[in-house]
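Here is the structure we will look at.
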Amino acid sequence: MSSRGDQRAAELKTGLCDLSFLYDLKNGPERDVVDFCMKMDVIAKKTKNISSLNGSAGIDNIDLEKANFLAESLETQFTLNNITNPDTEELVAYSVMRFRTEVTSICKDFDSPPTSEVLDCIKSLRINKAPGIDGINNKMIKNPPLHTILTILTIIHKIMTLGHFPTRWKTATVVPILKSGKDPTDTISYRPIFLLPSLSKIAEHLILKGLNNYLKENNVLCPEQFGFLEKLSTWHQLIRVVEYVTEGFANKQKTGAVFLDIQKGWTGSGKMDLSINVNTTRPPPTLLS
Numbered sequence: 001m002s003s004r005g006d007q008r009a010a011e012l013k014t015g016l017c018d019l020s021f022l023y024d025l026k027n028g029p030e031r032d033v034v035d036f037c038m039k040m041d042v043i044a045k046k047t048k049n050i051s052s053l054n055g056s057a058g059i060d061n062i063d064l065e066k067a068n069f070l071a072e073s074l075e076t077q078f079t080l081n082n083i084t085n086p087d088t089e090e091l092v093a094y095s096v097m098r099f100r101t102e103v104t105s106i107c108k109d110f111d112s113p114p115t116s117e118v119l120d121c122i123k124s125l126r127i128n129k130a131p132g133i134d135g136i137n138n139k140m141i142k143n144p145p146l147h148t149i150l151t152i153l154t155i156i157h158k159i160m161t162l163g164h165f166p167t168r169w170k171t172a173t174v175v176p177i178l179k180s181g182k183d184p185t186d187t188i189s190y191r192p193i194f195l196l197p198s199l200s201k202i203a204e205h206l207i208l209k210g211l212n213n214y215l216k217e218n219n220v221l222c223p224e225q226f227g228f229l230e231k232l233s234t235w236h237q238l239i240r241v242v243e244y245v246t247e248g249f250a251n252k253q254k255t256g257a258v259f260l261d262i263q264k265g266w267t268g269s270g271k272m273d274l275s276i277n278v279n280t281t282r283p284p285p286t287l288l289s
């Protein structure tokens with residue numbers, strides 16, 4: 001943008017903008033309009049400052065230091081469980097390598113999603129979602145020129161056939177959100193929201209759909225699993241619990257239940273631990289890379 005445009009964009013932040021600037025942009029170059037829209041998208045978002053944080057070096061209210069405190073806290077929370085065992089790690093590595101090098105009939109029959117499926121996924125994107133580190137929001141993805149659509153289709157096709165997911169699409173912007181009723185000065189009181197690039201979410205959706213189709217067609221999942229499955233939820237499992245308890249009352253029997261909640265179980269599990277379990281279901285390797 002021009003220096004005048006930069007100055008006016010800065011004035012927007014302090015509420016000193018006049019309507020003439022909007023008129024100039026509307027009738028100016030298309031590039032300026034795009035830049036303006038991107039700036040407005042950032043400015044319009046309501047942000048809430050994080051209070052002073054108590055970190056390892058004491059209490060600080062400088063933004064950079066607060067960011068470092070939160071980073072240290074998240075690093076500690078996301079540290080993998082220390083359950084190293086050389087023999088187990090070697091077995092897992094060998095199993096994963098052998099699986100990826102095998103050529104099975106399932107791999108030969110697997111095809112990347114059709115163009116219509118990718119386009120349907122793009123159309124279903126919600127325009128009010130925050131963008132990732134690349135700054136590309138869903139509204140931009142849903143209204144691109146034809147050559148951009150073809151580029152997206154090519155990238156998705158390569159991901160699904162080559163089994164390579166771009167590292168850039170795995171990089172997220174981390175936004176700390178204060179938990180309800182928690183001490184705002186304690187870094188543990190904040191839960192992270194990871195904003196991934198919207199394009200990566202399209203690929204993620206298609207990969208998940210491919211995995212779910214495979215698991216369903218091959219009856220891999222046990223019938224008692226209700227989590228992370230379409231049209232199934234905890235309500236259905238609660239109905240089963242009610243049925244068991246009711247049956248126990250009818251037969252004058254006592255009903256016992258064991259509830260297990262593993263704190264931060266997902267964040268403490270390594271990729272290698274998950275790979276050996278997923279590989280036992282023998283899905284298409286390109287969906288697991």
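Quick note: the sequence shown uses UniProt numbering, first residue 1, plus one each step. Beta carbons are placed, not taken as given, at the ideal position from N, Cα and C, and that holds for glycine.
- Query: With which residues is T173 paired in a DSSP beta bridge?
  - Reply: For the purposes of this step, residue 173 is taken as residue 173 along the sequence shown, with counting starting at 1. L195.
- Query: Straight-line CA distance for N61 to F69?
  - Reply: Counted from its first residue, the sequence shown places residue 61 at position 61. Counted from its first residue, the sequence shown places residue 69 at position 69. For N61 and F69, the distance between alpha carbons rounds to 11 Å.
- Residue nearest to K170 in terms of C-alpha spacing, selected from A203, Y190, K142, P184: As a first step, residue 170 is located in the sequence shown; it is residue number 170 there, counting from the start. The shortest Cα separation from K170 among A203, Y190, K142, P184 belongs to A203.
- What residue from L229, K139, L153, P145 has the CA that sits closest to E117's CA? Here residue 117 refers to the residue found at position 117 when the sequence shown is read from its first residue. Comparing alpha carbon positions, the residue from L229, K139, L153, P145 closest to E117 is L153.
- Return the CA-CA distance between A172 and G132, expressed in angstroms with no decimal places. Reading the sequence shown from its first residue, position 172 is the one you call residue 172. Reading the sequence shown from its first residue, position 132 is the one you call residue 132. The alpha-carbon of A172 is positioned some 6 Å away from that of G132.
- Item | Pick from K179, L146, N128, P145 that is closest to N138, judged by C-alpha positions | Taking the sequence shown and counting its residues from 1, the one referred to as residue 138 is at position 138. Nearest to N138 by alpha-carbon distance, out of K179, L146, N128, P145, is N128.
- Message: With distance defined between alpha-carbon atoms, name the residue in K179, L260, L229 nearest to N212.
- Response: Taking the sequence shown and counting its residues from 1, one reaches residue 212 at position 212. Ranking the options by Cα distance to N212, first place goes to L229.
- When you compare only the Cα positions, how much space is there between R240 and L232? Walking along the sequence shown from the start, residue 240 turns up at place 240. Walking along the sequence shown from the start, residue 232 turns up at place 232. Between the alpha carbons of R240 and L232 lies a distance of about 13 Å.
- Query: Three-state secondary structure (DSSP) at D63?
  - Reply: By 1-based counting over the sequence shown, the position of residue 63 is 63. DSSP places D63 in helix when its eight states are reduced to three.
- Query: Is the segment 185-205 touching the segment 150-166, taking contact as three or more C-beta pairs under 8 Å?
  - Reply: The answer is yes - the segment 150-166 touches the segment 185-205, with three or more Cβ pairs under 8 Å.
- DSSP state of G248 mapped onto helix, strand, coil: Residue 248 sits at position 248 when you count from the first residue of the sequence shown. Residue state, collapsed to three classes: helix.
- Query: Do you know offhand how far G58's Cα is from S124's?
  - Reply: Within the sequence shown, numbered from 1, the residue matching residue 58 stands at position 58. Within the sequence shown, numbered from 1, the residue matching residue 124 stands at position 124. S124 has its alpha-carbon roughly 46 Å from the corresponding atom of G58.
- Query: If you pair each beta-carbon of the segment 182-198 with each one of the segment 47-56, do three or more pairs fall below 8 Å?
  - Reply: Verdict: yes, contact present.
- Item | Outcome for I256 when other beta-carbon atoms lying within 10 angstroms are tallied against a minimum of 16 | For the purposes of this step, residue 256 is taken as the residue at position 256 of the sequence shown. Residue 256 is actually Gly in this sequence, not Ile. So G256 counts as exposed.
- Message: With H, G and I counted as helix, E and B as strand and the rest as coil, what does DSSP make of L178?
- Response: For the purposes of this step, residue 178 is identified with residue 178 of the sequence shown, where counting begins at 1. In the structure shown, L178 sits in a strand (DSSP, three-state: E or B).
- Message: Within the continuous alpha helix (DSSP H) that includes N54, where are the two ends?
- Response: Counted from its first residue, the sequence shown places residue 54 at position 54. Here N54 belongs to no alpha helix (DSSP H); instead the beta strand (DSSP E) covers 53-55.
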